[in-house]
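Below is one structure, written out as structure tokens; comments come after it.
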Amino acid sequence: MTADRIKKLRESKGWSQVKLSKKLGITRSSVNAWEIGVSIPSTQKIVELALLFQTSTDYLLGLDDEKTLSLRTLTDKEIELIYQ
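Residue numbers for the sequence shown follow my numbering, beginning at 591 and rising by one.
Here it is in structure tokens:
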């Protein structure tokens, strides 16, 4: 489920695997491995993905079907990262 959600969110932004990998400071092959389900992102990368895609970690992990993110629960630093 995480693999599908990462891929769908990336594609919805119009980003290539290369573009996402650069935003996260990782290799394209790591993004590809996540998207085909060979590996899963670290906890830190799940948080970074949630911020980049403006969604929740629960949505990325398949624990919630709501993909919107409430800014009320975020710290100022997290909000700043979203708008970069």
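Cβ atoms here follow ideal geometry from the backbone N, Cα and C, with glycine treated the same way.
DSSP assignment within the region 593-651 yields the following whole alpha helix (DSSP H) runs of 4 residues or more, N-terminal first: 607-614, 618-625, 633-643 and 647-650. Counting the other Cβ atoms within 10 Å of the Cβ of I626 gives fewer than 16, which makes it exposed. Check the Cα spacing between M591 and each of Y649, L671 and I669: the tightest is with Y649. For D654, the three-state secondary structure derived from DSSP is coil. If you draw a 10 Å sphere on the C-beta of I669, you find fewer than 16 other C-beta atoms in it, and that means exposed. Collapsing the DSSP output to three states places T663 in a helix.
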